[in-house]
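Everything below concerns the one structure shown next.
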Amino acid sequence: MKYKATLFLTGGLGNQFYQYCALDMISKKLKYNPEIDLQNFNNNKNYKKLGIFKLFNNLNYDGIKNFNTKNYRNFLLKVNNKFPKISNLIFDKKFLNNKKDFEIFLEQNINKNIYINGYFQNHNIISNSNFGKYLKKRYKERNSHQQIGIHIRLGDYLLKPYSDIYWKFNEDYLKESFEIIKENYGNKFIKKVNIFSDSIEIAVLMAKKVLPSYVEVVPSKEKSVINDLFALSENKIKILSNSSFSLMSYYMNIGELTICPKRWFKNSQNTPDSLFPPNNYNGKFIKFYN
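Start counting the sequence shown at 2; every next residue gets the next number (the numbering used here).
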């Protein structure tokens, strides 16, 4: 009997990236039949316009295309949230809600159909998935042509309740990141920076406040999230935010230097190391304690 792994897809492009790779990895390793539940997207039949599938289309990647719209997702998740220990028995399926569930399931090799419901932000999941390996092969064949790209995630991080949860990209972090670039490339290296943000006007003002007046600050004019991701990834040097979308750009193209905040949450000193790629997985990667 071949078991089934069902992914409850949710969130934006960055979250979808990690979720998809979790499904990809587990179905590959355990030889499960993979399927994707689209109920959070109103069972959109035109799935190619959804974030991760639109990315597949742009990359000419033949991803998983098995969909299920009859999982009674909301009911299942409500029961699982309220009775996590017994829901696995009631439905005769295993719910994987976080990284720990995922690792235990792989170690024990439990013979059960599974529901994957979580974000699974973990480098090993990316690097061991078919899609992650496809990206690595792909960017070895490409070259970055822009110099410095900065992704400044603000948007909903400025609003409650998120403003109380997440650390926010700020001038001090940006200044320290520029110092790291100068240490590696020299004091006169920074002449132009490309800005990507969900709050572009605030982000541009922040960069201009920190940089000398002779540095050209260029805001992204891309019209879609996908185009922004590709454009950001094409910079040889990247300063990233505490965002899965931001970190995703590291996997999309070869680079020289990437700087990323180590602390992603406001009241936590450390984000798990398992989130971050190792140094030189795709160019030098610096986790900066912000």
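C-beta: ideal position from N, C-alpha, C; glycine also. Predicted model only: the values in this text are computed from it and were never measured.
Scanning its chain for C-beta atoms nearer than 8 angstroms, with the 5 sequence neighbours on each side dropped, one finds around I65 the residues Y21, L24, D25, S28, P35, E36 and I37, in chain order. Around the beta carbon of F266, a 10 Å sphere encloses fewer than 16 other beta carbons of the protein chains shown; the residue is thus reported as exposed. By the neighbour-count criterion, in which a residue is buried when 16 or more other Cβ atoms sit within 10 angstroms of its Cβ, Y167 is buried.
Residue environment analysis places T7 among the buried positions, since at least 16 neighbouring C-beta atoms fall within 10 angstroms of its C-beta. Along the region 144–197, the alpha helix (DSSP H) occurs as fully enclosed runs of 4 or more residues at 172–186, listed in sequence order. In the DSSP assignment, D25 falls within the alpha helix (DSSP H) that extends over L14 to L31.
For Y116, the uninterrupted beta strand (DSSP E) run begins and ends at N114 to I117, by DSSP. DSSP places V218 in no alpha helix (DSSP H) but in the uninterrupted beta strand (DSSP E) bounded by E217 to P220.
Residues I196, I201 and V205 of the same chain have their beta carbon placed closer than 6 angstroms to that of P220, with the five preceding and five following residues left out of the count.
Boundaries of the beta strand (DSSP E) harbouring L97: K94 to L97, taken from the DSSP string.
DSSP, read as helix, strand or coil, puts L78 in helix. Nearest to I260 by C-alpha distance, out of A232, K183, E217 and K193, is K183.
Note that the C-beta distance between H124 and L233 is not below 8 angstroms.
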